[in-house]
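Be aware that the sequence shown starts at 2, since it is given in the working numbering, and climbs by one per residue.
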Amino acid sequence: MSSALIALEAQVRADLTKTAHPDVPWLKSTPGPDAKPALDVLVVGAGQSGVAIAFGLMRSQVTNIAVLDRAEQGQEGPWLSYARMHTLRSPKHYTGPDLDIPSLTYQSWHEARFGHEHWQTLGLIPRKLWAEYLLWFRRVIGLTVRNGCELLEIAPAEGGLLAATVKSVDVVETIYARKIVLATGQEAVGDWTIPEPLRHLSAAVVARTSDPIDFEALRGKKVVVIGAGATAFDNAATALEAGAADVHLFCRRSEIQVIQPYRWLTFRGFLRHFADLDDVWRWRFMRAVLEMREGFPQATYDRCANFANFHLHEGWPVEAAQELVNGAELQTPHGSFVADFVICGTGTQIDFSERSELRNFAGNIATWANRYQPPQDERSDRLGRYPYLADDYAFTERVPGQTPWISDVHLFAFASTMSFGPSGSSINAMTTAVPKLVHGITRGLFRADIERYWDSFNAYDEPQAIVARQPKITG
Ligand SMILES: Cc1cc2nc3c(=O)[nH]c(=O)nc-3n(C[C@H](O)[C@H](O)[C@H](O)COP(=O)(O)OP(=O)(O)OC[C@H]3O[C@@H](n4cnc5c(N)ncnc54)[C@H](O)[C@@H]3O)c2cc1C
2 MSSALIALEA QVRADLTKTA HPDVPWLKST PGPDAKPALD VLVVGAGQSG
52 VAIAFGLMRS QVTNIAVLDR AEQGQEGPWL SYARMHTLRS PKHYTGPDLD
102 IPSLTYQSWH EARFGHEHWQ TLGLIPRKLW AEYLLWFRRV IGLTVRNGCE
152 LLEIAPAEGG LLAATVKSVD VVETIYARKI VLATGQEAVG DWTIPEPLRH
202 LSAAVVARTS DPIDFEALRG KKVVVIGAGA TAFDNAATAL EAGAADVHLF
252 CRRSEIQVIQ PYRWLTFRGF LRHFADLDDV WRWRFMRAVL EMREGFPQAT
302 YDRCANFANF HLHEGWPVEA AQELVNGAEL QTPHGSFVAD FVICGTGTQI
352 DFSERSELRN FAGNIATWAN RYQPPQDERS DRLGRYPYLA DDYAFTERVP
402 GQTPWISDVH LFAFASTMSF GPSGSSINAM TTAVPKLVHG ITRGLFRADI
452 ERYWDSFNAY DEPQAIVARQ PKITG
């Protein structure tokens, strides 16, 4: 390790010590049905969100926690698998998991690795370095992750606890916890989509951007990418760079979206207080943002536009599709189009039934459609399916009393967006969203134990000073 990195790690330790107040342990062990102490919080997912949440909890003296991820170490999140951009899309100065500790920022790590000059001239953060930084981050804060461990199911357990069924290799076990945080990524409560007209096509001719795609096999082929967000462009560029003969990007709208609404909303007022707004305003804003969808950065567009064999088709929705011997024929309002391979960059959709972790309560998760009826001109069935979360990111019940225990299951993912604005969905919001979640969790833990704190207060008899009393004068 370089001397700069050694010095940075020493700085991190010093910063964490200097800002640790109040560092008194405050949670008492809760025995589980197996007589072992239950966890205070189980965090599922060790992507940037899960790691930052664990860090926030540890700084709040909630240390009886576990973080697990089904991916192997270093493979968490999209960064080294289906993220096909060279650099992050967010500006390099956006801070994230560091939760405002300067020595833990990406910039500090980058400067320690490559020098201050290098940071100054850097345009955007290289994707692979971001993944490396996340691994460094969790090591330096002292966080252990249980990798290769998948959450299968959540159920209520005795004593107000939750029972998480998890699987590592072939061993299935139950972990008891007071609370569970699902930091399980973009598809946490649904899945990546293939547009309806293409769903019957076989995997030989269609893939989603989240799938492992053999781009080498697309050399010399005619490829269609459906969708016009940054991820769609990244996949188009990857196909072009792999030697595809032609890449055609089909944008459903008449004009491609070049405004990035997430840039507008990246200010403290919105990020910190959006969730305090009433349903009318929350729906109005997030419907507008999520209907616009995300814009793409210039570098993403240029990566495609540099190729003469890249073709952008605006106003080209796919209305029907037919599988051919070696490809697919797509019907559009402009006629039919034959491609060798189709990649769908059409994002995720909410569908609680897609996820086994939710199976015991999927039918009772309250959605926005259950809780709020927007005016006619603001309706959206798609967004009505988003979960309607409590102010601590917990699921709420559609029918009260059927699954009351879901008030201890917290969702920190893209699907939290309708209730909270950006949160697990992007780096720009982490420094405000993670503390909000952590405060919600500590509030719940504190309130649940309030009688014990009252007893503890009444039993408290440690004198702060020794007072030498004068003998009482009598008479
Ligand atoms: C291709 C792509 C590029 C992006 N680029 C940017 C960008 O440049 N800037 C930006 O701000 N945002 C970007 N985002 C958005 C966001 O920052 C990322 O999605 C980021 O990965 C979110 O972090 P996360 O920790 O919430 O989820 P993830 O990083 O997806 O981590 C979730 C983890 O949960 C684990 N998991 C899921 N289910 C289970 C289970 N049942 N049991 C155990 N483990 C489970 C997964 O293995 C995964 O490691 C991008 C997103 C994508 C998809």
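Note that the Cβ used here is the ideal one computed from N, Cα and C, for glycine as well.
It should be emphasised that the depicted structure is a prediction, and the values quoted were computed from it without experimental measurement.
Looking at the structure shown, is Ala322 part of a helix, part of a strand, or coil, going by DSSP? strand
For Phe1, name the three-state secondary structure that DSSP assigns. Residue 1 lies beyond the residue range present for the chain, which begins at 2 and ends at 476; the question has no answer from this structure.
Span of the alpha helix (DSSP H) around Arg453: Ile451 to Ala460
Examine ligand 1 and report whether any of its heavy atoms sits within less than 8 Å of the Cβ of Pro1. What the structure shows of the chain is the stretch from 2 to 476, and residue 1 is not part of that stretch, so it cannot be assessed.
Glu133: CB within 8 Å of a non-hydrogen atom of ligand 1: no
Looking at Thr432 and Asp101, is the spacing between their C-beta atoms short of 9 Å? yes
Among the residues of its own chain, which have a CB less than 7 Å from the CB of Phe216, if the five just before and after it don't count? Thr239, Ala240 and Ala243
Do Ile54 and Ser91 have their C-beta atoms within less than 9 Å of each other? no
DSSP state of Tyr134, grouped into three classes? helix
According to DSSP, is Ala67 helix, strand or coil? strand
With hydrogens ignored, establish whether the beta-carbon of Phe297 is closer than 8 Å to any heavy atom of ligand 1. no
In the DSSP output, what is Pro177 paired with across the bridge? Sequence check: residue 177 is Tyr here, not Pro. Per DSSP, Ala164.
Which residues in the same chain have their Cβ closer than 6 Å to the Cβ of Val259, if we skip the five residues on either side of it in sequence? Gly296
4-residue-minimum alpha helix (DSSP H) runs that sit fully inside the region 111-156, ordered along the chain: 117-122 and 128-141
What's the call for Phe342, buried or exposed, on a 16-neighbour Cβ count within 10 Å? buried
Quick one, which of Ala309, Ala340 and Arg383 has its alpha-carbon nearest Glu292's? Arg383
Val477 lies in the beta strand (DSSP E); which residues open and close that run? With the chain covering 2 to 476 only, the question about residue 477 has no answer from this structure.
Taking 8 Å as the cut-off, does the CB of Tyr389 come closer than this to any heavy atom belonging to ligand 1? no
Beta-carbon separation of Ser255 and Gly346 under 9 Å? no
Compute the beta-carbon to beta-carbon distance between Trp369 and Gly385, rounded to the nearest angstrom, for a pair I have assumed lies under 8 Å. 5 Å
Looking at Leu28: is its Cβ nearer than 9 Å to the Cβ of Gln62? yes
How do the region 385-405 and the region 432-448 stand: do at least 3 beta-carbon pairs fall below 8 Å, yes or no? yes
Contact check, Leu412 vs Val190, beta carbons under 9 Å: yes
At least three beta-carbon pairs within less than 8 Å, the region 171-181 to the region 111-128: no
Residue span of the beta strand (DSSP E) that contains Val226, given as start and end: Lys223 to Ile227
Endpoints, the alpha helix (DSSP H) within which Trp193 is located: Unbroken run through Trp193 is the beta strand (DSSP E), Gly191 to Trp193; no alpha helix (DSSP H).
Closest by C-alpha distance to Arg147, when choosing among Ile195, Asp16 and Ala47: Ala47
Is Val439 near Gly57, with beta carbons less than 9 Å apart? yes
Could you have a look at Asp41 and say whether DSSP puts it in helix, strand or coil? strand
Between which two residues does the beta strand (DSSP E) holding Phe251 run? Asp247 to Cys252
Sequence-distant residues of its chain with Cβ nearer than 8 Å to Pro334 (five each side left out): Gly316, Trp317, Pro318 and Glu320
Nearest-angstrom beta carbon gap, Val167 and Leu153 [assumed within contact, 8 Å]: 6 Å
Compute the minimum distance between the beta carbon of Gln332 and the heavy atoms of ligand 1, and state whether it is under 8 Å. no
Nearest-angstrom Cα separation, counted from Trp193 out to Ile344: 12 Å
Quick check: does the Cβ of Asp70 come within less than 8 Å of any heavy atom belonging to ligand 1? yes
DSSP three-state assignment for Val468, whether helix, strand or coil: coil
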